[in-house]
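Chains as they are written, first to last, in my numbering: chain A, 15 to 419; chain B, 15 to 419; chain C, 2 to 139; chain D, 2 to 139.
Note that beta-carbon positions come from the ideal geometry of N, C-alpha and C, so glycine has one too.
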Amino acid sequence: MKDLKNIRDQFPVLNQKINGYDLVYFDNGATSQKPLSVIESISNYYKASNANIHRGVHTLSRTATELFEKARKTVADHFKVKNDQQIIFTAGTTDSINLVVNGLSKNYLQKGDEIILSSYEHHSNILAWQLWAEENGGKLKVIPLLEDQSLDYSKLEELINQKTKLIAIAHVSNTLGVITDLEKIKVLAKKNNIAVLVDGAQSAPHMPVDLEKLDVDFFVCSAHKMYGPTGIGVLYLSEKWLKDLQVSKPGGGTIKTVTFEKTEYAENALRFEPGTPHIAGAIGFAAAIDFMNAVGMQTIFEHEHELVQYAQQKMSEIPEVIVYGKSNNKAGVISFNVKNNHPFDVGTLMDKYGIAVRTGHHCTQPLMQCLNIQGTVRISFAIYNTKSEVDFFIEKLKKVITMLN
Amino acid sequence: MKDLKNIRDQFPVLNQKINGYDLVYFDNGATSQKPLSVIESISNYYKASNANIHRGVHTLSRTATELFEKARKTVADHFKVKNDQQIIFTAGTTDSINLVVNGLSKNYLQKGDEIILSSYEHHSNILAWQLWAEENGGKLKVIPLLEDQSLDYSKLEELINQKTKLIAIAHVSNTLGVITDLEKIKVLAKKNNIAVLVDGAQSAPHMPVDLEKLDVDFFVCSAHKMYGPTGIGVLYLSEKWLKDLQVSKPGGGTIKTVTFEKTEYAENALRFEPGTPHIAGAIGFAAAIDFMNAVGMQTIFEHEHELVQYAQQKMSEIPEVIVYGKSNNKAGVISFNVKNNHPFDVGTLMDKYGIAVRTGHHCTQPLMQCLNIQGTVRISFAIYNTKSEVDFFIEKLKKVITMLN
Amino acid sequence: MKIEETEKEIIEEFEIFGDDWEAKYEHLIDLGRSLPLIKEEFKTEERIIKGCQSRVWLNSELRDSKVFFTADADAIITKGMVALMVRVLSEQKPEDIVKAKLEFVDTVGLKEHLSPTRANGLVSMINKMKADALAFIK
Amino acid sequence: MKIEETEKEIIEEFEIFGDDWEAKYEHLIDLGRSLPLIKEEFKTEERIIKGCQSRVWLNSELRDSKVFFTADADAIITKGMVALMVRVLSEQKPEDIVKAKLEFVDTVGLKEHLSPTRANGLVSMINKMKADALAFIK
Ligand SMILES: Cc1ncc(COP(=O)(O)O)c(C=O)c1O
Ligand SMILES: Cc1ncc(COP(=O)(O)O)c(C=O)c1O
Chain A
15 MKDLKNIRDQ FPVLNQKING YDLVYFDNGA TSQKPLSVIE SISNYYKASN
65 ANIHRGVHTL SRTATELFEK ARKTVADHFK VKNDQQIIFT AGTTDSINLV
115 VNGLSKNYLQ KGDEIILSSY EHHSNILAWQ LWAEENGGKL KVIPLLEDQS
165 LDYSKLEELI NQKTKLIAIA HVSNTLGVIT DLEKIKVLAK KNNIAVLVDG
215 AQSAPHMPVD LEKLDVDFFV CSAHKMYGPT GIGVLYLSEK WLKDLQVSKP
265 GGGTIKTVTF EKTEYAENAL RFEPGTPHIA GAIGFAAAID FMNAVGMQTI
315 FEHEHELVQY AQQKMSEIPE VIVYGKSNNK AGVISFNVKN NHPFDVGTLM
365 DKYGIAVRTG HHCTQPLMQC LNIQGTVRIS FAIYNTKSEV DFFIEKLKKV
415 ITMLN
Chain B
15 MKDLKNIRDQ FPVLNQKING YDLVYFDNGA TSQKPLSVIE SISNYYKASN
65 ANIHRGVHTL SRTATELFEK ARKTVADHFK VKNDQQIIFT AGTTDSINLV
115 VNGLSKNYLQ KGDEIILSSY EHHSNILAWQ LWAEENGGKL KVIPLLEDQS
165 LDYSKLEELI NQKTKLIAIA HVSNTLGVIT DLEKIKVLAK KNNIAVLVDG
215 AQSAPHMPVD LEKLDVDFFV CSAHKMYGPT GIGVLYLSEK WLKDLQVSKP
265 GGGTIKTVTF EKTEYAENAL RFEPGTPHIA GAIGFAAAID FMNAVGMQTI
315 FEHEHELVQY AQQKMSEIPE VIVYGKSNNK AGVISFNVKN NHPFDVGTLM
365 DKYGIAVRTG HHCTQPLMQC LNIQGTVRIS FAIYNTKSEV DFFIEKLKKV
415 ITMLN
Chain C
2 MKIEETEKEI IEEFEIFGDD WEAKYEHLID LGRSLPLIKE EFKTEERIIK
52 GCQSRVWLNS ELRDSKVFFT ADADAIITKG MVALMVRVLS EQKPEDIVKA
102 KLEFVDTVGL KEHLSPTRAN GLVSMINKMK ADALAFIK
Chain D
2 MKIEETEKEI IEEFEIFGDD WEAKYEHLID LGRSLPLIKE EFKTEERIIK
52 GCQSRVWLNS ELRDSKVFFT ADADAIITKG MVALMVRVLS EQKPEDIVKA
102 KLEFVDTVGL KEHLSPTRAN GLVSMINKMK ADALAFIK
């Protein structure tokens, strides 16, 4: 990665000391840092073209609308989606999933229906389904883990029956980094006419995602994990669901006509975007996508993969370290524990060396229950991370282990 | 307003030409412009302290969490709310209302129950109630208008019966500018044990709002109309509802413990803020509130009120102009039409003179039906607008009328 | 007259106003006023093309292998634009209508009205004109 | 020993480490190890104080008008902090516990552990200690 210096220079936040040490930001799975181009696209919007969009006859409003709709197009192009109306802007992954659950529960999901999840789902891809199930007599089923903490796809077929209506699954596990084999899932889903929702919160930032090829019903992700701003995310709907998904969150802008008696909803993306959208967020998100594409998604994937391989190799030389997610098919995330030590202690001391790691259950408590642990320490990479950061991390990890034992 | 020059200088967007004319931004009801302090608070956050909040053990995460929670405190203090947990950050007014409707429909609202709205509600305060009513056999009732387009409060008592569960009402009409007499509403609501939701989207930006004194069940507003960023808003819950409102939108962060079988939700604000919040938005919103308080809400109200009085006086001298919302009790909004002319034509030509006005139904189609018109031209003020802008507007309005007739 | 010829005529007509947008808009408004009215019986819900703000009605008929458009709009500026479109596209062969690029709009400086984010229903109207023409071919 | 006296003692104990945070944390970890264990029977669900990440158990008893705290935590750094709190507050009069400002935490440079955004349950533990003490007064 010859341009890494150039890339790092685009991230002002990286250039700081924590407790006297250079910041090593290894918490990208939680949220990524933002390049200047993203930060400035937001400032520039507010400084030059801010206005409310749609319906406006004045120039600023027209400019803002064009920028917003161009952002939608940028997202659509990035994910290889032909009809940009299939891209709905939401507040983030969690918001997107709730929109799907609430929409589906209006007519698609019936009492007694079943939903299949994986053992490593994020709470955001469990809770809304669970709430639906509790209130409507539905049922959740779970694809179990193998020894290497990848999914036991051989068990999937048994989980499916007449009542299975949907499989909701993470593209990449945020805790383990393991990449889900969506092809295996899709074959069974197609055969049994089951809808598929892919939680791409951890795939979209780390690898190329082609939604035309992926060909699932729903795909969701968050801009803030993709070098973009907070408060904005995507809900991709297949052509079918763009027509069939029911409006569950109405508001100004989602309509054609309203009377106190009856409302006729708009067509296309609009009816799923109630109220004033996060205009600056969409614009910043488009800038983030431009940044990622300038680097190249494949480059990002390979760079992070290399860091993962490198770090895992080094970690395997430390006897006290247990790595979770042994599968080799991983995106830029490593979860581990130090034997007989609490992840909180490891994280607290790493922070003292300026290394930002995440500790705890990573919003995957059911996975923690499967693994029978309280939590893990997680490091997760982005394009701006370097091998020398990994070296520093390994050196300090050893030091921390000595301190704690 | 001696400091107006100083205030205007804080808004870079105002310093531009549209079609060769100085921009006159009179579309503040749709969204306000942002001062530099807000824009910079967002940039600075991304440049120095960006991280995901809550649960993080590393320094950046702690800083970000503190900034986010300080923003909550800033909002709480601004609205005189003692317990800052009563302030929930949402994506905006529309999002807040949906959260209330969905939460209430889980246990508070029953089949056959009735909700009372006003004739001038914004679609965002109609549609979610309507959807609930349609799906659950509920009923909406509407407080009618008087001749002067204020509400006919004398009719309210007749609308109330045993089944009335909630009154959802705009604090200020976004189309007419008319200020609702909440005291009249509250007296009847208290007497009949009816919950009250106040849509403050158009009051919070324009006048002092003391939620302790206001003492209603729910209050909602959007930052983007209050000199703040897009994508963030507030749901205020009374102490009672902070405990009683059901979670309808779960996700990462809203929980205490999760298993695949059962979830225990967190206490306080957290359980209503699923997923990664709009951290930069909350921080920018706090900066916007600091800006408003530095000017003073009463000063803002008086300044805008003066502009309204001044503009209405001048408009009353133009025979072709019809102003809606004749009541004197108005915040910074004027809706009007030019006799025999379509608002779209007026707006299009005003834009040619660099004057940004809004035209159309303003997301209040039912009100348009009451008034039996297609739409209006709306001008709405903020603290940075000036009398000389009003003069220019009046001059060009006359010109436009000549052109069109 | 061919489509391009009418376009040229319109361009010349607007050229005399130079940069004077007020004069240009006054002319556009005059054109709106002079638009031959659509028959009242055609101003039905089905014939309406909904923009968010101004409504446009369009009727298309095929006579002697040519398409005859009549139209109306409730906003006068929109109506002026509609008048221009009708003038250019009416009484033309369906094939030519489908192919028409309508670049004169840009040349005379009214492009903003054809922005897809425009709330006036004009883009939808042009799409409808072309769709109707196409339907007559098939 | 009075609360302030113990606080002073701890401050002196940490002073020798100066700016050497590593040494300071090693000491804190040692303190954690030396915390007299809470009886296993007290490590119940009710006695747990949930931080998001590390769990703290606390037991409070009144004997001879003094409050006796025993406690435990699953993370060792948290446990070190817990040990400090127990050392300062245990065997003190309820009134004094309620009043204690615990400023030594700041002085020795461990303030960050008492940030309300901290995921370690310490703030909740201190609140619980004071609440228990208050309950004994009433
Ligand atoms: C009275 C009123 N309610 C609700 C809304 C919706 O606010 P938002 O679009 O920010 O969700 C608006 C803004 O247009 C409004 O003026
Ligand atoms: C796999 C996965 N799903 C969902 C989420 C939730 O995303 P957000 O917090 O942006 O809504 C996350 C992020 O933490 C995640 O990693």
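What first and last residue would you give for the alpha helix (DSSP H) that runs through residue 15/C?
-> Along the third sequence, one-based indexing puts residue 15/C at 14. Unbroken alpha helix (DSSP H) run through residue 15/C: 4-16.
Determine the direct distance from the alpha carbon of residue 349/B to that of residue 362/B, and round the result to whole angstroms.
-> Here residue 362/B is taken as the residue at index 348 of the second sequence, counted from 1. Here residue 349/B is taken as the residue at index 335 of the second sequence, counted from 1. Distance between the alpha carbons of residue 362/B and residue 349/B is about 16 Å.
C-beta atoms of residue 434/B and residue 48/A nearer than 8 Å = The structure shown does not extend to residue 434/B, since chain B spans only 15 to 419, so no value can be given for it.
For the alpha helix (DSSP H) that residue 155/B lies in, which residues bound it at each end?
-> Counting from one through the second sequence, the residue named residue 155/B turns up at place 141. Counting along the chain, residue 155/B falls outside any alpha helix (DSSP H), though it belongs to the beta strand (DSSP E) covering 153-157.
Does the separation of the CB atoms of residue 144/A and residue 268/B fall below 8 Å?
-> The residue given as residue 144/A occupies position 130 in the first sequence. The residue given as residue 268/B occupies position 254 in the second sequence. No, they are not a contact pair.
With a Cβ-Cβ cutoff of 8 Å, do residue 53/A and residue 293/A count as a contact?
-> In the first sequence, counting from the first residue as 1, residue 53/A sits at position 39. In the first sequence, counting from the first residue as 1, residue 293/A sits at position 279. Cβ atoms of residue 53/A and residue 293/A: not closer than 8 Å.
Where residue 263/B falls, given that 16 or more other Cβ within 10 Å makes a residue buried = Position 249 of the second sequence, counted from the first residue, corresponds to residue 263/B. Its Cβ being crowded by 16 or more others within 10 Å, residue 263/B is buried.
Of the listed residues 96/B, 59/B, 381/B, nearest to residue 80/B (C-alpha basis) = Indexing the second sequence from 1 puts residue 80/B at position 66. Minimum Cα distance to residue 80/B is reached at 59/B.
Where the alpha helix (DSSP H) through residue 196/A begins and ends | Within the first sequence, numbered from 1, the residue matching residue 196/A stands at position 182. Segment 196-205, the alpha helix (DSSP H) holding residue 196/A.
Would residue 93/A pass as a contact of residue 221/A if the rule is Cβ separation under 8 Å?
-> Translated into positions along the first sequence, residue 93/A becomes position 79. Translated into positions along the first sequence, residue 221/A becomes position 207. No, the pair does not count as a contact, with Cβ atoms beyond the cut-off.
May I ask you to list, following chain order, the residues of the stretch 16-28 of chain D that have a beta carbon less than 8 Å from some beta carbon of chain A?
-> 22, 23, 26, 27
Step through the CB atoms of chain D and report whether any lies within less than 8 Å of the CB of residue 359/A.
-> Stepping through the first sequence from its first residue, residue 359/A is reached at position 345. Answer yes: the Cβ-Cβ gap between residue 359/A and chain D drops below 8 Å somewhere.
With 16 other Cβ atoms within 10 Å as the buried cut-off, status of residue 2/C | The residue given as residue 2/C occupies position 1 in the third sequence. Per the 10 Å Cβ criterion, exposed.
Beta-carbon gap between residue 159/A and residue 138/A smaller than 8 Å = Working through the first sequence from its first residue, we reach residue 159/A at position 145. Working through the first sequence from its first residue, we reach residue 138/A at position 124. Cβ distance not < 8 Å, so residue 159/A and residue 138/A don't count as in contact.
Pull out every residue of the stretch 372-384 of chain B whose Cβ sits closer than 7 Å to any Cβ of chain C, in chain order.
-> 373, 374
Does DSSP put residue 12/A in a helix, a strand or coil?
-> This structure cannot settle anything about residue 12/A, because the visible part of chain A is limited to 15 through 419.
Exposed unless 16 or more other CB atoms sit within 10 angstroms - verdict on residue 89/A = Within the first sequence, the letter at position 75 stands for residue 89/A. Flag for residue 89/A reads buried.
For residue 112/B, which of helix, strand or coil comes out of DSSP?
-> Counted from its first residue, the second sequence places residue 112/B at position 98. Here residue 112/B sits in helix by DSSP.
Straight-line CA distance for residue 39/B to residue 28/C?
-> As a working note, residue 39/B is residue 25 in the second sequence. As a working note, residue 28/C is residue 27 in the third sequence. Rounded to whole angstroms, residue 39/B to residue 28/C spans 27 Å at the Cα level.
For residue 298/B, which of 201/B, 169/B, 57/B has the nearest alpha-carbon?
-> Counted from its first residue, the second sequence places residue 298/B at position 284. Ranking the options by Cα distance to residue 298/B, first place goes to 57/B.
Can you list the residues of chain B that residue 118/A reaches, using a CB-CB cut of under 7 Å?
-> Sequence index remark: in the first sequence, residue 118/A carries index 104 (1-based). Near residue 118/A there are no residues of chain B at all, since even the closest Cβ is about 14 Å away, more than 7 Å.
Opposing strand residues paired with residue 93/D [DSSP bridges] | Taking the first residue of the fourth sequence as position 1, residue 93/D is located at position 92. According to DSSP, which records beta bridges pairwise, residue 93/D is partnered with 68/D.
Could you tell me whether any non-hydrogen atom of ligand 2 is closer than 7 Å to the CB of residue 108/A?
-> Residue mapping note: residue 108/A aligns to position 94 of the first sequence, counting from 1. Because some heavy atom of ligand 2 lies under 7 Å away, the Cβ of residue 108/A counts as near it: yes.
Rounded separation between residue 33/B and residue 74/A - CA only = Walking along the second sequence from the start, residue 33/B turns up at place 19. Walking along the first sequence from the start, residue 74/A turns up at place 60. Going from the Cα of residue 33/B to the Cα of residue 74/A covers about 11 Å.
Compare the C-beta of residue 66/B with all C-beta atoms of chain A and state if any pair is closer than 8 Å.
-> In the second sequence, residue 66/B corresponds to position 52, counting from 1. Interface residue, yes.
Which residue from 380/B, 389/B, 406/B puts its Cα closest to that of residue 156/B?
-> Against the second sequence, residue 156/B aligns to sequence position 142. Closest by alpha carbon: 380/B.
Along chain E, which residues have their Cβ under 7 Å away from the Cβ of residue 55/D?
-> The structure shown contains no chain E; its protein chains are A, B, C and D.
Compare the beta carbon distance of residue 286/B and residue 140/A with 8 Å and say whether it is the shorter of the two.
-> Taking the first residue of the second sequence as 1, we reach residue 286/B at position 272. Taking the first residue of the first sequence as 1, we reach residue 140/A at position 126. Taking 8 Å as the Cβ cut-off, residue 286/B and residue 140/A do not qualify as a contacting pair.
Since I believe residue 337/A is in contact with residue 327/A (beta carbons under 8 Å), could you give me their beta-carbon distance rounded to a whole number of angstroms?
-> Counted from its first residue, the first sequence places residue 327/A at position 313. Counted from its first residue, the first sequence places residue 337/A at position 323. So it is not a contact: roughly 11 Å between Cβ atoms.
Return the Cβ separation of residue 289/B and residue 310/B in integer angstroms, given the expectation that the two are a contact with Cβ distance under 8 Å.
-> Taking the second sequence and counting its residues from 1, the one referred to as residue 289/B is at position 275. Taking the second sequence and counting its residues from 1, the one referred to as residue 310/B is at position 296. So it is not a contact: roughly 36 Å between Cβ atoms.
Secondary structure at residue 248/B, three-state DSSP: helix, strand or coil?
-> Position 234 of the second sequence, counted from the first residue, corresponds to residue 248/B. Residue 248/B falls in the strand class under three-state DSSP.
Residue 73/A: beta carbon under 7 Å from a heavy atom of ligand 1?
-> On the first sequence, position 59 is the one that residue 73/A refers to. No; taking the cut-off as 7 Å, the Cβ of residue 73/A has no heavy atom of ligand 1 nearer than that.
Alpha carbon of residue 113/B to alpha carbon of residue 375/B, nearest angstrom | Locating residue 113/B in the second sequence gives position 99, counting from the first residue. Locating residue 375/B in the second sequence gives position 361, counting from the first residue. Those two C-alpha atoms are separated by around 25 Å.
Are three or more beta carbon pairs between the stretch 364-378 of chain A and the stretch 209-218 of chain A nearer than 8 Å?
-> no
Could you tell me if the beta carbon of residue 390/A falls within a distance shorter than 7 Å of some heavy atom in ligand 2?
-> Here residue 390/A corresponds to residue number 376 of the first sequence, with the count starting at 1. No, Cβ of residue 390/A sits at least 7 Å from all heavy atoms of ligand 2.
Starting from residue 30/A, find everything on chain D with Cβ-Cβ shorter than 7 Å and list it in chain order.
-> Here residue 30/A refers to the residue found at position 16 when the first sequence is read from its first residue. The contacting residues do not exist; residue 30/A stays about 17 Å from chain D at best.
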